[in-house]
Amino acid sequence: MRLPDLPGSDPAALAATGARVRARLESDSRAARVPAEGFDVFAIRDVLPPEERAALIALIDADARPSGVFRAGGDGGMRTSHTCRLPAAHPLVAAVDARLAALLGLDPACSETVQGQRYHPGQQFREHNDYFAAGQPYSEAVAAEGGQRSWTAMLFLNEPEAGGFTHFPAIPLAFRPRAGVLLAWDNLDRAGHPNPRSHHAGLPVEAGVKYVLTKWFRERTWTPGAAQHYRN
Ligand SMILES: O=C(O)CCC(=O)C(=O)O
Ligand SMILES: [Fe+2]
């Protein structure tokens, strides 16, 4: 069964974007394609040096607040981590933002501001999709401010002592957090439609603290506005 496209989305263009990013990562010697049927996911090592990761962790700790999700009502314990919208103008944040976009070969104007997340023991992000579903209260609003989410770039800033794996149950695949490793995946299938095989969770941290950076790329230029209303 095919999932419906977000209003105004252009699956053919999204499929072409997916192919372009794949080709780019396949030619990057630091990137490894992770075998997964019907799903494109890469692990890229040594994306940020330890001192930059430490500085980003300090920025996350300075401005962490309970994480939100796009939903009409309360989030029902969906995402119990803390989120920090990193200051986009900070020189390190701006440099990392640009580096992640360059790594995937995507236009930085299409990317949402990078987010930091912090998970303490017991905290998690339950199974969810990063693409936007059609027919939701927020669908029209997110469509108007940049369209569908294509690729996710998620960087492990540190390693908790136990737990906190990023889990793709449909594949199945589970990635142990490894400091400096970036996971990049396409939330859409090769025809540019939402891919249920991309659903994933940040499993509960069992010991220690987990820090990640997440960056979502949109179909068109991202112009944040009305949809923020749906974020809780
Ligand atoms: O923390 C993780 O492992 C997953 C994070 C995630 O799925 C997201 O930020 O969209
Ligand atoms: Fe996610």
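With positions in the sequence shown counted from 1, the corresponding number in my numbering is that position plus 7. The beta carbon of each residue, even a glycine, is placed where N, CA and C say it ideally should be. Source: prediction; values computed, not measured.
Starting from VAL103, follow the alpha helix (DSSP H) in both directions and report where the run begins and ends.
-> Counting from 1 along the sequence shown, the entry for residue 103 is found at position 96. Looking at the DSSP string, the run of the alpha helix (DSSP H) that includes VAL103 is 98-111.
Does the distance from the CB of GLU43 to the CB of ALA50 come in under 7 Å?
-> The count along the sequence shown starts at 1 and reaches residue 43 at position 36. The count along the sequence shown starts at 1 and reaches residue 50 at position 43. The sequence given here places Ala at residue 43; Glu does not occur at that position. Not a contact, by the Cβ cut-off of 7 Å.
Output the residue ranges of the beta strand (DSSP E) runs that lie fully inside the region 153-194 and measure 3 residues or longer, sorted by chain position.
-> 156-163, 173-175, 180-182 and 189-193
For HIS207, which residues does DSSP report across the bridge?
-> Your numbering for residue 207 matches position 200 in the sequence shown. According to DSSP, which records beta bridges pairwise, HIS207 is partnered with HIS135.
Determine the DSSP secondary structure at GLY123, reduced to helix, strand or coil.
-> The residue you call residue 123 lines up with position 116 of the sequence shown. Correct three-state label for GLY123: strand.
Report the three-state DSSP secondary structure of ARG9 (helix, strand or coil).
-> On the sequence shown, position 2 is the one that residue 9 refers to. If DSSP states are grouped into helix, strand and coil, ARG9 belongs with coil.
Sorted by chain position, which residues of the same chain lie with C-beta nearer than 6 Å to CYS91's C-beta, five sequence neighbours on each side aside?
-> Position 84 of the sequence shown holds residue 91. Same-chain partners within the cutoff: ILE67, ASP70, ALA71 and GLY123.
With DSSP as the reference, please indicate the residues paired to TRP223 in a beta bridge.
-> Position 216 of the sequence shown, counting from 1, holds the residue named residue 223. Beta-bridge pairing links TRP223 to THR159.
So, helix, strand or coil for GLU213, using DSSP?
-> On the sequence shown, position 206 is the one that residue 213 refers to. If DSSP states are grouped into helix, strand and coil, GLU213 belongs with the strands.
Return helix, strand or coil for THR90, following the three-state DSSP convention.
-> Locating residue 90 in the sequence shown gives position 83, counting from the first residue. Correct three-state label for THR90: strand.
Quick one, are the C-beta atoms of GLY232 and GLU152 less than 7 Å apart?
-> Counting from one through the sequence shown, the residue named residue 232 turns up at place 225. Counting from one through the sequence shown, the residue named residue 152 turns up at place 145. Yes, these two residues count as a Cβ contact at 7 Å.
Is the beta carbon of ASP137 within less than 6 Å of some heavy atom of ligand 2?
-> Walking along the sequence shown from the start, residue 137 turns up at place 130. Yes.
Comparing the CB of GLY112 with every heavy atom of ligand 1, is any distance shorter than 6 Å?
-> Counting from 1 along the sequence shown, the entry for residue 112 is found at position 105. Placement of the Cβ of GLY112 at a distance of 6 Å or more from every heavy atom of ligand 1 is found.
Rounded separation between TRP192 and PRO94 - CA only | In the sequence shown, the residue the question calls residue 192 occupies position 185. In the sequence shown, the residue the question calls residue 94 occupies position 87. One C-alpha to the other measures close to 24 Å.
Could you check the C-alpha separation between ASN194 and VAL54 for me, to the nearest Å?
-> Residue 194 sits at position 187 when you count from the first residue of the sequence shown. Residue 54 sits at position 47 when you count from the first residue of the sequence shown. The straight-line gap from Cα to Cα measures roughly 21 Å.
Taking the C-alpha atoms as reference points, what is the distance between ARG156 and TRP223?
-> Position 149 of the sequence shown, counted from the start, is the residue given in the question as residue 156. Position 216 of the sequence shown, counted from the start, is the residue given in the question as residue 223. Their Cα atoms are separated by approximately 6 Å.
How many Å lie between GLY215 and MET85 at the Cα?
-> As a working note, residue 215 is residue 208 in the sequence shown. As a working note, residue 85 is residue 78 in the sequence shown. Cα to Cα, GLY215 sits roughly 20 Å from MET85.
Classify VAL41 as helix, strand or coil using the three-state DSSP reduction.
-> Within the sequence shown, residue 41 is the residue found at index 34, counting from 1. For VAL41, the three-state secondary structure derived from DSSP is coil.
Distance between PRO179 and THR24 (C-alpha atoms, nearest Å) = Against the sequence shown, residue 24 aligns to sequence position 17. Against the sequence shown, residue 179 aligns to sequence position 172. Each residue's Cα considered, the two are about 25 Å apart.
Return yes when the C-beta of VAL219 is under 6 Å from any heavy atom of ligand 1, and no when it is not.
-> In the sequence shown, the residue the question calls residue 219 occupies position 212. The answer is yes for VAL219.
Mapping DSSP to helix, strand and coil, what is ALA50?
-> Residue mapping note: residue 50 aligns to position 43 of the sequence shown, counting from 1. Residue state, collapsed to three classes: strand.
Taking SER34 as the reference, which of ALA22, LEU110, ASP12 and ALA105 has the closest Cα?
-> For the purposes of this step, residue 34 is identified with residue 27 of the sequence shown, where counting begins at 1. It is LEU110 whose Cα lies nearest to the Cα of SER34.
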